[in-house]
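To keep things clear, I will list the structure first and then write my remarks on it.
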Amino acid sequence: MAEFEPQIIAFCCNWCTYAAADLAGTSRVHYPPNVKIVRVMCSGMVNPIYVLKAFESGADGVLVAGCNLVDCYYLDGPVKCDAMFAILKKLVHILGLEDERLRREMISASEGVVFARVVEEMVEGLKKLGPAPFKVKKGAVV
Amino acid sequence: MNVPEVVEYVKGLPDIVHAERNLFTCSEEGISAIKKGIKGHNLNRVIVASCTPRTHEPLFRAACEEAGLNKYLFEFVNIRDQCSWVHMREPEKATQKAKDLIRMGVAKARLLEPLEEVETPVIPSCMVMGGGVVGMSAALNLAEQGFEVHLVEKGKGLGGTLLDLYKLFPTNEQASKLVESAIQKVAAQSKIKAYLSTRVKDVRGFIGNFEVVLDQDGKESEIKVGTIIVAIGAEELKPVHQYGYGKFPNVVTQLELEQRMKKGEFEGQNVVMINCVGARIPERTYCSRFCCMTAVKNATLIRESNPASKVWILHRDLMAYGEDFENYYRWSMEQGVRFIRYDREKPPQVIGDGTAEKVRVWHQLRGREIELPADMVVLTTPLIPRADNEEISKMLKVPLSEQGFFLEAHVKLMPLEFATEGIYICGSARWPTEIAEGVAQAYGAAAKAAIPMRRGYVKPEAITSYVNEDLCGGCGICFEMCPYSAIEIKAENGKRVAHCITALCKGCGTCGAACPSGAISMNHFTDEQILAQIAALTA
């Protein structure tokens with residue numbers, strides 16, 4: 000049987016973490032292809048519903064990443080992201096998902112290597128955890 | 000990755016009319032292929048899967064626009080920087096990932112909507128905050144270009160820190176000469192209106208149309224400007240409780256020494272200067288850059304006026320950058336100024352009883368402690384951010400650095416301007432800056448401020464939030480969330496509803512994420528679009 004390959008959706012803010020992911024590319028830093036980035040303008044705009052939708056759509060892990068507190072393009076987006084993330088953590092817990100499936104990072108535009116390392120760590124952790132428990136197979140009768 | 004395989008896959012996705020491979024989509028050939036495709040297939044959405052929107056989105060958007068397609072109907076999928084370049088060792092998986100990413104992009108593109116950018120006029124008038132030499136230089140530059148300038152100074156007169164300086168390095172000209180000539184030019188310039196003893200109390204609005212409330216000795220007035228330049232400078236650190244400062248009357252800072260020299264009140268036979276007092280230490284890590292030169296200058300001027308005097312500069316490193324400063328430093332050694340390097344771990348000690356009498360320092364080259372006679376000790380301290388920086392940064396909604404100086408949008412790509420459009424920064428408010436650099440920055444900031452004022456209008460991106468008033472409960476959470484005061488709560492037909500002031504909105508989308516009734520969405524990043532993109536994660 001083929002090794003389980005987790006699916007990760009990463010919500011990355013346009014100004015910092017999305018740029019960091021680009022930098023990982025221009026500097027040819029390798030990381031596992033399990034992650035798919037959804038570009039958002041600010042980490043503070045990541046509606047908790049997006050994260051739940053990601054799990055519903057088959058993601059095994061979700062990363063919400065954006066600017067550091069000091070270099071936010073929109074002044075204080077990360078603060079708002081943190082506040083929403085705290086609620087999200089509880090919600091995900093109630094749904095019976097392991098804490099490790101949801102990760103919050105602040106990765107600045109210069110930290111391509113950090114982005115790659117975070118993805119690596121997540122993939123490794125999720126491989127140990129296995130598929131998300133309520134991953135619904137397409138076409139299955141629910 | 001296997002691009003032909005990806006193209007074949009994309010052709011099979013629902014709603015895809017045409018898919019083709021280009022070697023360089025950003026080349027002229029690629030651009031014309033986009034335009035031809037739009038016309039030939041009557042396309043109403045265009046997706047480019049290539050590098051990154053951060054560099055190439057404007058180009059492809061323009062191509063769409065030229066072919067008659069609204070530029071917001073274009074979607075970018077990043078399969079190079081975020082796929083092929085980072086998964087080179089796994090080409091099969093990279094190919095699969097590219098397919099997935101494009102499928103997600105198509106899902107979003109399906110729901111894209113055409114948007115119009117609204118032109119807003121720019122008042123050809125600028126407020127310059129700070130009436131020092133940097134602020135005056137910016138004001139004069141803009142006035143000479145024909146723009147109206149409101150020059151706001153909190154002190155009683157123009158001139159700023161320069162009023163306290165004696166002579167200036169590297170030319171040794173009188174500071175008063177330079178500052179007086181600038182003040183006269185400002186006074187003679189009819190386009191500049193100077194406000195003395197005036198503070199900026201409140202700033203509302205946005206690029207092109209800022210409404211500013213000024214407070215002149217308790218009397219309030221309002222002005223309207225199109226742009227704002229921050230040139231409020233910085234202040235010298237007063238090193239209280241260090242090296243006998245505040246305890247011995249003959250321990251002073253460089254600025255205090257200059258004030259005495261200027262008034263002709265300076266007397267001293269043996270002068271010891273200590274550099275890097277309060278700078279480059281764990282609690283204030285930065286180098287103030289020009290204070291080494293200030294010490295070198297004052298030391299040399301003392302030697303010049305009294306050849307019998309002895310002047311020592313105790314320094315850690317010595318910042319004398321550029322040809323002029325290097326030559327000036329050499330000249331000071333020729334004039335007999337003595338330089339002794341000290342170690343931060345073994346700092347000098349000022350010894351005295353009632354007044355400072357001598358300075359004890361570990362001489363690194365001699366490997367022993369030496370004592371220097373001192374009838375004056377001068378402490379070279381860095382510039383520190385002004386106390387009102389924080390208040391002003393909040394008022395203008397622009398950031399400060401960790402150290403408390405104003406932080407420009409990007410040190411290389413967007414220097415002298417803030418991410419908040421229409422607001423610019425120059426001089427020591429940005430970072431400790433000597434006069435020549437400060438004036439050059441003032442001209443740079445003025446040139447940038449002139450761009451929208453000369454054009455007469457701005458066209459902000461249409462990525463802004465909007466409120467569905469039927470769903471809005473008027474709770475006001477969005478109002479609290481918005482960092483730009485772009486949301487107002489209005490009462491309409493007896494019901495409280497939120498309203499977005501489009502010209503103020505920067506499109507962060509935090510209002511929408513926080514809205515409990517899902518009444519706010521952001522153009523081009525709507526919930527529906529993003530949810531569709533996510534839902535397409537698995538085929």
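Chains as they are written, first to last, in numbering that gives the first Met the number 0: chain A, 0 to 141; chain B, 0 to 538. Idealized CB from N, CA, C, for every residue including glycine. Source: prediction; values computed, not measured.
DSSP-derived helix/strand/coil call for K261(B): It is helical.
To be precise: take each residue of the region 51-62 of chain B, compare its Cβ to all Cβ atoms of chain A, and keep it if any distance is under 9 angstroms. Which residues remain? The region 51-62 of chain B vs chain A, Cβ under 9 angstroms: T51, P52, R53 and T54.
Does the beta carbon of T177(A) come closer than 8 angstroms to any beta carbon on chain B? Residue 177(A) falls outside the range modelled here, since chain A spans only 0 to 141, and no answer is possible.
Test item: CB-CB of I106(A) and A58(A) under 8 angstroms: At least 8 angstroms separates the beta-carbon of I106(A) from that of A58(A).
Taking CB distances under 8 angstroms as the criterion, tell me whether V141(A) reaches chain B. Any reading at V141(A) must be qualified, since the residue scores a pLDDT of 41, below 50, and its modelled position is unreliable; no value is offered.
Under 6 angstroms Cβ to Cβ from I519(B), same chain only, skipping five residues before and after it: list those, please. Within the same chain, I519(B) has close Cβ partners S464, V466, C477, C510 and G511.
Report yes or no: do three or more beta-carbon pairs, one from the region 30-49 of chain A and one from the region 9-21 of chain A, lie closer than 8 angstroms? In short, these stretches touch, since the Cβ pair count reaches three.
Are the C-beta atoms of A64(A) and some chain B residue less than 8 angstroms apart? Answer no: the Cβ-Cβ gap between A64(A) and chain B never drops below 8 angstroms.
At a Cβ threshold of 8 angstroms, is G475(B) touching chain A? It does not; no Cβ of chain A falls within 8 angstroms.
Proximal residues of chain A, C-beta to C-beta of A448(B) below 7 angstroms: Residues of chain A passing the Cβ test: none, with the nearest at roughly 21 angstroms.
In chain B, which residues lie less than 8 angstroms from K52(A) when you measure between Cβ atoms? Within chain B, the residues placing a beta-carbon under 8 angstroms from that of K52(A) are L530, I533 and A534, ordered along the chain.
If we define contact as Cβ-Cβ less than 8 angstroms, is M87(B) a contact residue for chain A? Closer than 8 angstroms to some Cβ of chain A, the Cβ of M87(B) qualifies, so yes.
Buried or exposed by the 16-neighbour rule on C-beta atoms within 10 Å, applied to V141(A): Below a pLDDT of 50, predicted positions are generally treated as unreliable, and V141(A), at 41, falls in that range; the measurement from the model is reported next regardless. It counts as exposed.
Less than 8 angstroms between the beta carbons of A441(B) and M103(B), yes or no? No, Cβ-Cβ distance for A441(B) and M103(B) is not below 8 angstroms.
Can you find the residues in the same chain that come closer than 6 angstroms, C-beta to C-beta, to Q348(B), ignoring five residues on each side of it along the sequence? Answer for Q348(B): R359, listed in chain order.
Where E491(B) falls, given that 16 or more other Cβ within 10 Å makes a residue buried: Under this definition E491(B) is an exposed residue.
Going by beta carbon distance, what residues of the same chain come within less than 6 angstroms of G443(B), once the five residues before and after it are set aside? Correct list, in chain order: L415.
Inside the region 114-139 of chain B only - beta strand (DSSP E) runs reaching at least 3 residues: With a minimum length of 3 residues, the continuous beta strand (DSSP E) runs that stay inside the region 114-139 of chain B are 124-128.
When you compare only the Cα positions, how much space is there between C410(B) and E55(A)? Here the sequence assigns Val to residue 410(B), which means Cys is not the residue at that position. Roughly 42 angstroms between the two C-alpha positions.
If you scan the region 396-461 of chain B from start to end, which runs of the alpha helix (DSSP H) of 4 or more residues do you find wholly inside it? Qualifying alpha helix (DSSP H) stretches, in chain order: 434-454.
Who are the near neighbours of G95(A) in its chain, counting only those whose CB is closer than 7 angstroms to its CB and skipping five residues on each side? Within the same chain, G95(A) has close Cβ partners P132.
For Q241(B), which option in V250(B), E255(B) and E234(B) has the closest C-alpha, if you only look at C-alpha atoms? Taking Q241(B) as reference, the option from V250(B), E255(B) and E234(B) with the minimal CA-CA separation is V250(B).
Restricting to runs no shorter than 3 residues, where is the beta strand (DSSP E) found entirely within the region 146-185 of chain B? Listed in chain order, the complete beta strand (DSSP E) runs (minimum 3 residues) inside the region 146-185 of chain B are 147-151.
Near C80(A), which residues of its chain fall below 8 angstroms by C-beta distance, leaving aside the five closest residues on each side in sequence? Closer than 8 angstroms at Cβ, skipping near neighbours: C41, S42, G43, V45, V63, G65 and R103.
Which residue from P238(B), A18(B) and C481(B) puts its Cα closest to that of K35(B)? Here the closest residue by C-alpha is A18(B).
Give the straight-line distance between the Cα atoms of Y341(B) and K309(B), rounded to the nearest whole angstrom. Between Y341(B) and K309(B), the C-alpha separation is close to 18 angstroms.
Could you check if D216(B) is buried or exposed, using at least 16 other CB atoms within 10 Å of its CB as the buried criterion? Per the 10 Å Cβ criterion, exposed.
Could you work out which residues of chain A lie near E401(B), taking near to mean beta carbons separated by less than 7 angstroms? The contact set of E401(B) on chain A, defined by CB atoms closer than 7 angstroms, consists of V69 in chain order.
Return the first residue and the last residue of the beta strand (DSSP E) that A521(B) is part of. Sequence inspection shows Met at residue 521(B); the Ala mentioned does not correspond to that position. From DSSP, the beta strand (DSSP E) with M521(B) extends over I519 to M521.
Taking its Cβ as the centre, do 16 or more other Cβ atoms sit within 10 Å of Y72(A), making it buried, or is it exposed? Per the 10 Å Cβ criterion, buried.
From the DSSP output, which residues share a beta bridge with S26(B)? Paired residues: none, contrary to the question.
Closer than 6 angstroms by C-beta to T525(B): which residues in its own chain qualify, once you throw out the five before and the five after it? Chain order, please. Counting only Cβ-Cβ distances below 6 angstroms, and skipping sequence neighbours, we find nothing.
Residues of chain B with a CB under 7 angstroms from the CB of S56(A): which are they? Chain-ordered, the chain B residues with CB closer than 7 angstroms to the CB of S56(A) read I533, A534, L536 and T537.
According to DSSP, which residues form a beta bridge with C499(B)? BP columns for C499(B) point to I486(B).
Is Q528(B) buried or exposed, if buried means 16 or more other CB atoms sit within 10 Å of its CB? Burial call: buried.
Run through DSSP, which three-state label would F289(B) get? F289(B): coil per DSSP, three-state reduction.
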